[in-house]
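Okay, so here's the structure we're looking at.
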Amino acid sequence: MRIEEVKRSERKKGRFLVKLEDGDILRVTEEELLRFGLRAGIELDAEALEAVRTSARTSSAKAAAANMIGTRALSKRELTRRLVKKGNDESDAQAAADWLEDIGAVDDAGYAAALVRHYGGKGYGPARVREELRRRGVDRELWDEALEEMPEAAEILDGLIQKKCRGDLADPREKKRVSDALLRRGFAWSDVKAAMGWYTEMIEDGYD
2 MRIEEVKRSE RKKGRFLVKL EDGDILRVTE EELLRFGLRA GIELDAEALE
52 AVRTSARTSS AKAAAANMIG TRALSKRELT RRLVKKGNDE SDAQAAADWL
102 EDIGAVDDAG YAAALVRHYG GKGYGPARVR EELRRRGVDR ELWDEALEEM
152 PEAAEILDGL IQKKCRGDLA DPREKKRVSD ALLRRGFAWS DVKAAMGWYT
202 EMIEDGYD
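Take any residue in the sequence shown, note its place counting from 1, add 1, and you have its number in our numbering.
Right under this line is the structure:
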């Protein structure tokens, strides 16, 4: 396949357009230009053409991945899923995520710890934080260490009870309303019961 023209892209910085004789256009980086010696007038056999296409796809996935990470922190799995959703081949997406991990731009352990601090600081309990880690694609083997960043449950619950309590916690209905709210935020019942004990001496039957 003969290359008819090579020109710099006007829309994307660092990208070049390689026009082939059949009208197809390859979007490549300067790395591909130099690596494969791409210039107008040369012929590419089927093997060379496929190598250029493969390299260009990988470069495109890397550029997209870098842009995503530059906007917000993501787990490696989350990044890979987003790249695939944007139309990148799964193998290219995985290669781009691996590359960013290798250079330290993707750090799942650090990301997990930051998530725990963020959601713990917002008053969520361990169960809700674990669900968030799962949803964000963080490997389970990283959860325990990350959860060490959680504030003490008693400290969080103390503040939440003060905010959520609208009446006398000796009232079973008020007690249930507040405790249900705390359980929905991901706290264990044992921690909720202990915290509620600071605000009432009466423990309703069925709450033991």
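Idealized CB from N, CA, C, for every residue including glycine.
Which class does residue i belong to by DSSP, given the choice of helix, strand or coil?
| i | result |
| --- | --- |
| Lys8 | strand |
Start and end of the beta strand (DSSP E) containing residue i?
| i | result |
| --- | --- |
| Lys20 | 16 to 21 |
| Val29 | 26 to 30 |
With residue i as the anchor, note down where its alpha helix (DSSP H) starts and where it stops.
| i | result |
| --- | --- |
| Leu183 | 173 to 185 |
| Tyr112 | 109 to 122 |
| Ile162 | 154 to 165 |
| Ala41 | Note, Ala41: premise wrong, no alpha helix (DSSP H); not H, not E. |
| Ala195 | 190 to 197 |
| Asp145 | 144 to 148 |
| Ala128 | 127 to 136 |
Give every residue of the same chain whose Cβ lies closer than 6 Å to the Cβ of residue i, excluding the five residues on either side of it in the sequence, and list them in chain order.
| i | result |
| --- | --- |
| Met1 | Residue 1 cannot be examined here, being either before or after the span of the chain that is shown, 2 to 209. |
| Gly88 | none |
| Gly121 | Met151, Pro152 |
For residue i, which residues from the same chain have a beta carbon less than 8 Å from its beta carbon, with the 5 sequence-adjacent residues on both sides left out?
| i | result |
| --- | --- |
| Arg83 | Met69, Leu75 |
| Arg186 | Gly124, Tyr125, Gly126, Arg129, Leu161 |
| Val107 | Ile70, Leu75, Ser76, Lys77, Leu80, Ala98, Leu101 |
Closer than 8 Å is the cut-off here; do at least three beta carbon pairs connect the segment 74 to 81 with the segment 104 to 118? Three or more beta-carbon pairs drawn from the segment 74 to 81 and the segment 104 to 118 are found closer than 8 Å, and the two stretches are therefore classed as touching.
Segments assigned alpha helix (DSSP H), at least 4 residues, entirely inside the segment 54 to 95: The segment 54 to 95 contains these whole alpha helix (DSSP H) runs: 77 to 86.
Three CB pairs or more closer than 8 Å across the segment 119 to 126 and the segment 144 to 160: With a cut-off of 8 Å, the segment 144 to 160 and the segment 119 to 126 count as touching, because enough Cβ pairs lie within range.
So, does the segment 54 to 63 touch the segment 90 to 101, judging by three or more C-beta pairs under 8 Å? Judged by pairs of C-beta atoms under 8 Å, the segment 54 to 63 touches the segment 90 to 101, as three or more such pairs exist.
Check whether the segment 130 to 140 touches the segment 155 to 164, counting contact only when three or more Cβ pairs, one atom from each stretch, lie closer than 8 Å. Taking 8 Å as the limit for Cβ pairs, the verdict is that the segment 155 to 164 does not touch the segment 130 to 140.
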